[in-house]
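To start, the structure under review is shown below, and the notes come after it.
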Amino acid sequence: MSDEPRNAAPCAHPAVSVVGPGDGETILLGTTRMRVLEDGSHTGHRLGMAESVLAPHTPGPPQHRHARHDEGFYVVSGTVRFTVGDEDIDATAGTLVMVPPGAPHTFANTTGEPARMLSTFTPDLYVQYFRDLEELYAGGRTPTPEESLGTMSRYATEPATEPATEPATDFASLPTPARGTGS
Numbered sequence: 401m402s403d404e405p406r407n408a409a410p411c412a413h414p415a416v417s418v419v420g421p422g423d424g425e426t427i428l429l430g431t432t433r434m435r436v437l438e439d440g441s442h443t444g445h446r447l448g449m450a451e452s453v454l455a456p457h458t459p460g461p462p463q464h465r466h467a468r469h470d471e472g473f474y475v476v477s478g479t480v481r482f483t484v485g486d487e488d489i490d491a492t493a494g495t496l497v498m499v500p501p502g503a504p505h506t507f508a509n510t511t512g513e514p515a516r517m518l519s520t521f522t523p524d525l526y527v528q529y530f531r532d533l534e535e536l537y538a539g540g541r542t543p544t545p546e547e548s549l550g551t552m553s554r555y556a557t558e559p560a561t562e563p564a565t566e567p568a569t570d571f572a573s574l575p576t577p578a579r580g581t582g583s
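Each residue of the sequence shown is one higher than the one before, counting from 401 in the working numbering.
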């Protein structure tokens, strides 16, 4: 038997997904406009992808860490400041930032110009987090800290103020949210 990986049998009729410039689901998160390019429904839920436009002087989310997914950010235009632990990285167009599970991080647009980036989520489940977050902020309301933390924990995410070797919460013991329901 060979040690080479075997290719899976091709699908009889694989569907190719094409999302045009004006297509995709729009999610509004304060001054950030996110366009979902792939919600995982075409990738067997292995990958989600979104384009985000951060308005000038947009603060990012609190520094946080994920236990169950990698998150990638590719800066298309402008400058995005990533904070990883206590290190600031000003990422300009053409920069890729890959964040593995457990790494504390956040991002913001600290400049006077809009910034655009592509984000990947592997697996895709985190796309639903952004949908849930949009609902929390609907109508201009501010969610309570308990609501915010509850939403984060459903997606194996927690606030982070310093690097950690393991997440403080045992996310493996949490139930995985049903896809498309947000809870």
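Where is the CB? At the ideal position from N, CA and C, for every residue including glycine.
By alpha-carbon positions, which one of the options ends up nearest to residue i?
i: F473; options: P543, P462 and A508; result: A508
i: P523; options: P545, M517, L429 and H466; result: H466
i: T479; options: A560, F521, T458 and S553; result: T458
i: T443; options: L533, P501, P559 and V418; result: V418
i: G448; options: D486, R531 and G512; result: R531
Using three-state DSSP, classify residue i as helix, strand or coil.
i: A415; result: coil
i: D486; result: coil
i: R516; result: strand
i: R446; result: coil
i: P545; result: helix
i: A503; result: coil
i: R468; result: coil
i: G420; result: coil
Here's the rule I'm using: 16 or more other beta-carbon atoms within 10 Å means buried, otherwise exposed. How should residue i be labelled?
i: R446; result: exposed
i: A455; result: exposed
i: A415; result: exposed
i: A491; result: buried
Any idea which residues DSSP pairs residue i with across the strands?
i: R435; result: T426 and E451
i: A491; result: V480
i: Y474; result: L496 and L518
i: A508; result: R481
State the Cα-Cα distance for the pair residue i and residue j, rounded to the nearest angstrom.
i: V475; j: L496; result: 7 Å
i: P345; j: R435; result: Here the chain comprises residues numbered 401 to 583, so residue 345 is not present and cannot be evaluated.
i: E451; j: S519; result: 6 Å
i: M498; j: G540; result: 31 Å
i: R481; j: M517; result: 12 Å
i: A503; j: A560; result: 9 Å
i: G424; j: T544; result: 30 Å
i: L549; j: V484; result: 20 Å
i: P501; j: Y555; result: 12 Å
i: S477; j: E547; result: 33 Å
i: T432; j: A515; result: 10 Å
i: T510; j: T426; result: 23 Å
i: T542; j: L429; result: 12 Å
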